[in-house]
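The structure appears right after this line, and notes come after that.
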């Protein structure tokens, strides 16, 4: 009669020779005689897994591993059997088995590779990434193609978890291991785009397309990156090619929408967006993009509906909530709009201003009497100038109010009623009990259209500064009219932001104002736009005192000497409006939400008049209305020519 060892050897011979049924029967007889035989459990379990009885195989190999705790090959085969279950839980258990193998023999490249694969399937991208890096360093002989694929899979997990740095590294490793894999380059491009490296992303996508020109997704992904770099013609070519390569790819149409919007082709953008939505109606981003386009066209109710649909599809999409907030605020639906506006903190737009204070944020509900409250600027200078109007309301509740802001605003903020001190960012803050970002103040005060704190002036220039500026720009009987024709370019890699291109106009476009009698123009223009003064329209008498301006306190003092301020939608309109000066704001067709669809009378600023474009990019109608209004303004005040 054969011994157990002899029977086991015969079973293995059958197994390795492909006589699987004979092997199965023999393993069974061995286990019937010796149910705890670890070798029969091990090899019998392997056979069970190989022949489709994966769960039975796992159970058998697990028993073998318990009896052979130092046998690395048994734990390794347990891991492989668990992976064959094809479930995340099985993959997690497999990872534990592979970790046992590595505890027994730490430098096995194949085992690190197996662990990386298990962790990827278990959903632990960061740990998978680390394991695959160990596999890469453990042996230069590791087969590069499977390892490249493993890095790609781990990278996808990291990408899905918004670990952009980890995903970028994983895709880079995949590209190095298999440089001819177009997908590795494409995915690297997608990850680099998320890290804020559009140049690197474009280079990776270009290489993907060199290797495989038919990659429609790479062409589609190029579009928004090329727009970011200001390469609009290249972006459009990439978008058109993507549509040709894959007419059924929703992204091929959807990615064209922001390009067309930024180049002010709203009707075509709506058509492309409609195609994208028909192909992928469940994509929240497409409805979010539609919202923006509808606001361009002044269709605010439809924009709100598009925002609600985006949020229905993606309830935690912060960008969708923020887009809805803008539509609601532009429609005058302030209460809901302020609530949605708080989602801005969950987007990437405000990362630089997350202050991380230990003190709690004031929500409006807590008693602030006797407490020090820090109001801090979070976005543009104009936003600070607009929303510091709430400081007197806080002071009226007994709070000691400190303002944290740009250095350019410190002197002016210190003169706001109710403000105890203004501190430049970067300087040491005094002790405070609560904080609140400026643009959360309307929510804290439950502001709606009827309760906007619109009393002006709430900004004040220093009387001594006003006197000094009055001496520099003395009265001569003519109306002194301040002019600002361009906003800050807000350039990104040398390209002006699309909003700035739409809100600014060339000084030459104001030429029709030159022949209005009785006007003396005073430039309040700062930044690159001031260079246009060298070619001011013929007959336009413009003083330029801005070389003497140190900060907004100086600009405020200068504005106090003027009869009227005419400005595009930039910080100066909020400055002049907050000072209570007569202010005419020239607004783009797709107006900022605060202008409420370019209503001529604005509830935030009682001394302001809004002149809105009828058509995006066309200032001629605005300037014609402006000239007529300026003529009436001068005549009504009896200024001389």
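In UniProt numbering, the protein residues as written are 1 to 641.
Think of the CB as a built atom: it goes at the ideal place given N, C-alpha and C, for glycine as much as any other residue.
Only a predicted model underlies this, so the values are computations on that prediction, with no experimental measurement involved.
- In this structure residue 568 is not in contact with residue 456, their Cβ atoms being roughly 20 Å apart against a cut-off of 8 Å.
- Its chain contains 481 and 582 as the residues whose beta carbon lies nearer than 6 Å to that of residue 564, once the 5 sequence neighbours on both sides are disregarded; these appear in chain order.
- The beta carbon of residue 97 sits closer than 6 Å to those of 75, 78 and 79, all from its chain and outside the five residues before and after it, given in chain order.
- A straight-line Cα-Cα distance of about 59 Å links residue 390 and residue 86.
- For residue 43, the enclosing alpha helix (DSSP H) covers residues 38–50.
- The C-alpha of residue 152 is placed about 10 Å away from the C-alpha of residue 120.
- Rounded to the nearest angstrom, the Cβ distance from residue 575 to residue 611 is 18 Å, too far for a contact under 8 Å.
- Rounded to the nearest whole angstrom, the C-alpha separation of residue 635 and residue 573 is 24 Å.
- Between residue 214 and residue 188, the gap from beta carbon to beta carbon reaches 7 Å or more.
- For residue 272, the number of other beta carbons within 10 angstroms of its own is at least 16, and it is reported as buried.
- Rounded to the nearest whole angstrom, the CA to CA distance from residue 428 to residue 422 is 11 Å.
- In the three-state reduction of the DSSP assignment, residue 361 falls in the strand class, which pools E and B.
- When the Cα atoms are used, residue 361 and residue 579 turn out to be separated by approximately 29 Å.
- Membership of residue 292 in the alpha helix (DSSP H) is indicated by the continuous run 284–296.
- For residue 554, the closest alpha carbon among the candidates 461, 109, 366 and 44 is that of 461.
- Contact between residue 603 and residue 454 holds: their C-beta atoms lie close to 6 Å from each other, under 8 Å.
- Between residue 155 and residue 132, the gap from beta carbon to beta carbon reaches 7 Å or more.
- Remark: C-beta atoms of residue 306 and residue 290 approach each other more closely than 7 Å.
- Taken in chain order, the complete beta strand (DSSP E) segments of 3 or more residues contained in the region 147–190 number zero; there are none.
- A distance below 7 Å separates the beta carbons of residue 269 and residue 260.
- In chain order, 332, 334 and 603 place their CB closer than 8 Å to the CB of residue 449, counting only its own chain and leaving out the 5 sequence neighbours on each side.
- Contact annotation: residue 67 and residue 38 have beta-carbon atoms nearer than 7 Å.
- In the three-state DSSP reduction, residue 265 falls in the coil class, being neither helix nor strand.
- Inclusion of residue 528 and residue 262 in the CB contact set at 7 Å is not warranted, their separation being larger than that value.
- Here residue 105 is exposed. Its C-beta has fewer than 16 other C-beta atoms within 10 Å.
- Between the beta-carbon of residue 587 and that of residue 380 there is about 16 Å, and that puts the pair past the 8 Å contact cut.
- Residue state for residue 253 is assigned as helix, using DSSP reduced to three classes.
- Taking every protein chain shown into account, the CB of residue 317 has 16 or more other CB atoms within 10 angstroms, so this residue is buried.
- Contact between the region 535–545 and the region 401–412 is absent: fewer than three C-beta pairs spanning the two stretches fall below 8 Å.
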